[in-house]
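Trainee: Please see the structure below; I have some questions.
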Amino acid sequence: MTDYWIENMPIRCEIVSQDRMVYQGNADMVLLPGSEGEMGILPNHAPLLTTLKFGIIKVRAQGQEGFFTVAGGVAEVQPDIVTVLADAAENVEEIDVSRAEAARKRAEEMLAKGPPADADAYLKVEAALRKSNLRLDAVKRFRRGAAKPARITEEVK
Ligand code: ATP
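For the sequence shown, numbering that gives the first Met the number 0 gives the first residue as 0, with consecutive numbering after it.
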């Protein structure tokens, strides 16, 4: 009985970004974009710490799947919990397409003027471009019933 319960126990998942709690809930499996490749985390996983690259976190729970963008960070895995500390993260369902389009446009316009004078400014613009591209790509690929090009195009205009 106890073994059955342990085997079927979900793993807790918490995704925290620098400014807010993005997600907390139970999961049957969490897929992380680890720096060394995608990692599938099941309940009772051995403890580990990994850095994350820009990508998608997939949270599977009771036959449902949630998708979250993550713009780098770290994940700590314990047998009963996955904690993601993200530089920035969003539920794909809550991404504001117009805002991401505007951010991408700003970054592209700055880069079009030529490379910024100092390395810091360049890294900031480059990160803004990567984040906006990640968000827009995630909406197209993972938003429920989303890839409605007509609607996205409307919002972009
Ligand atoms: P912007 O230039 O539009 O502010 P940014 O990439 O500089 O974008 P971040 O500093 O990465 O924004 O994030 C600030 C906060 O805003 C975070 O909580 C992040 O999750 C959220 N955020 C950023 N862009 C979007 C978006 N397009 N839709 C929803 N939330 C967003």
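Positions of the beta carbon are idealized from the N, C-alpha and C atoms, including for glycine.
All figures in this text were calculated on a predicted structure; none of them were measured in a lab.
#1: Can you check whether the CB of Ile80 is closer than 7 Å to the CB of Phe67?
#2: I'd like the span of the beta strand (DSSP E) that includes Leu157, first residue to last.
#3: Would you check if the distance between the CB atom of Val138 and the CB atom of Val96 is smaller than 7 Å?
#4: Quick check on Asn132: does DSSP put it in helix, strand or coil?
#5: Is there contact here, the segment 58-77 with the segment 21-36, by at least three beta-carbon pairs under 8 Å?
#6: So is the beta-carbon of Ala102 under 6 Å away from any non-hydrogen atom of ligand 1?
#7: Suppose you measure from the CA of Arg143 to the CA of Glu92; what does that come to, to the nearest Å?
#8: To the nearest angstrom, how far is the alpha carbon of Gln77 from that of Pro32?
#9: Can you list, in chain order, the residues of its chain with a C-beta nearer than 7 Å to that of Glu75? Leave out the 5 residues immediately preceding and following it.
#10: Just verifying my parser: in three-state terms, what is the DSSP assignment at Leu110?
#11: Looking only at DSSP bridge pairs, what is Met38 linked to?
#12: Assign Pro114 to buried or exposed, taking buried as 16 or more other Cβ atoms, counted over all protein chains shown, within 10 Å of its Cβ.
#13: Do Leu128 and Ala106 have their beta-carbon atoms positioned less than 7 Å apart in this structure?
Mentor: According to the data block:
#1: no
#2: It is not possible to answer for residue 157, since the shown part of the chain is limited to 0 through 156.
#3: yes
#4: helix
#5: yes
#6: yes
#7: 7 Å
#8: 17 Å
#9: Leu48 and Thr82
#10: helix
#11: Leu31
#12: exposed
#13: yes
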